[in-house]
Amino acid sequence: MANLVIDKNRLNFLIGGNRYAPATDSLYREQSVFFVGGALPVYETLETMFDSFCTEATALFFLTFGSGEMFLQGEEMARQIKKNFHVRLMAGLEMSVDVARLERIYAAGVDNLVFPVDVSNEDHTVGLSPLLQAARTIFPRWGTAATLLLGDEAPARTKSRADELLQEGIVPLLQFSAGSASLPEEDMAAVMEHLVSGWERHSVPVQTYLPLINVMTPLVATKQVGFFRGFVDRLRDRQQLAGSDIRRHLRVQQAENSLDSAGL
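Residue 413 in this note's numbering sits at position 28 of the sequence shown; the count goes up by one each step and never skips.
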């Protein structure tokens, strides 16, 4: 795992503002992450993505699913991205979905799913959320993540939520909210250090999420990856994606066979 430290300039940029704000109707690139709105027209968007993909390095695509009919459009967008680009595809949700739609998101080609955590819901422990539990059984190990908002609750509670998620096999990520402007810098640093420590303790494959972490937080690797190490990391990621695609195919095939045997 890369050694991560806090970039003070990046921290000042992120404090108090929602700089990380993917949406269903937006298409933009930040660093090596391409954010894609699931409500955008599929083929026109793919053309724009391809032009940009050919000129700048892209580590991952992040697709935001919408609700209602827009979910179907996002589903098709996921299929086309998976078909046309050999890059990891992550997705986020603007709304709550049922388990059947989680299955469809996975079947469409999404490799990792990122949930927002509603801190106003205190009825149950975050890590025991039924939807997160369902996603954990559908996606590969550590393939499900949840975003905690820094500044929307006490730092101690954010840290305990991160621990709860890790215990459940869900990757906690961090996003700066408007409320982060009122937090002392040492409190923010303590939360991020606790998060990094938790990732290490649970052997979370942080490299998979690192492009997104670099956008959402001021956490950066202590040194640049050399050419050989970068090549090995890319090769390992390709192998993981290939394994994930095989697992997805087998899961979808099994479901189709079950429907056929039931006469549906």
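Glycine residues also receive a C-beta, built at the ideal position from the N, C-alpha and C atoms. This one's a predicted model, so the numbers in the text were calculated from it and none came from an experiment.
Quick check: the Cα distance between residue i and residue j, rounded to an integer number of angstroms?
| i | j | result |
| --- | --- | --- |
| ARG521 | GLU549 | 14 Å |
| LEU534 | ALA476 | 18 Å |
| ILE555 | ALA563 | 25 Å |
| ALA408 | PHE420 | 8 Å |
| LEU412 | TYR405 | 13 Å |
| GLY512 | ASP436 | Caution is warranted here: a pLDDT of 45 is assigned to GLY512, below 50, making its placement in the model unreliable, and the coordinate value is therefore given only provisionally. About 40 Å. |
| LYS468 | GLN518 | 28 Å |
| LEU516 | LYS393 | 35 Å |
| VAL591 | LYS544 | 18 Å |
| PHE500 | GLU432 | 28 Å |
| SER481 | GLU441 | 33 Å |
| ASN388 | ALA606 | 5 Å |
| ALA541 | ILE523 | 31 Å |
| ALA575 | GLU429 | 44 Å |
| SER514 | SER452 | 20 Å |
Check each candidate in the options and name the one with the smallest Cα separation from residue i.
| i | options | result |
| --- | --- | --- |
| VAL589 | SER565, VAL576, GLN552 and GLN560 | GLN552 |
| PHE456 | THR543, VAL591 and GLY423 | GLY423 |
| PRO426 | GLY459, LEU399, GLN416 and ARG414 | GLY459 |
| MET462 | GLU441, ALA492 and CYS439 | ALA492 |
| ARG414 | VAL390, GLY402 and THR443 | THR443 |
| GLN465 | GLU454, GLY494, MET601 and GLY401 | GLY494 |
| PRO603 | MET577, HIS587 and VAL418 | MET577 |
| PHE438 | MET601, VAL418 and GLY453 | VAL418 |
| LEU474 | VAL484, LEU448 and ARG486 | LEU448 |
| THR532 | PHE524, LEU478 and ASP483 | LEU478 |
| PHE561 | ARG489, VAL600, GLU585 and ASP483 | VAL600 |
Assign residue i to one of two classes, buried (16 or more other C-beta atoms within 10 Å of its C-beta) or exposed (fewer than that).
| i | result |
| --- | --- |
| ASP496 | buried |
| SER582 | exposed |
| PHE680 | Here the chain comprises residues numbered 386 to 649, so residue 680 is not present and cannot be evaluated. |
| ARG546 | buried |
| ARG526 | exposed |
| GLY528 | buried |
| GLY536 | buried |
Threshold first: 4 residues or longer. Then list the alpha helix (DSSP H) segments lying entirely within the segment 508-589, N to C.
515-523, 540-552 and 570-586
Taking contact to mean at least 3 C-beta pairs separated by less than 8 Å, is the segment 562-576 in contact with the segment 593-601?
No contact exists between the segment 562-576 and the segment 593-601.
Counting only runs that start and end within the segment 428-487, where is the beta strand (DSSP E) found for 3 or more residues in a row?
445-450 and 473-478
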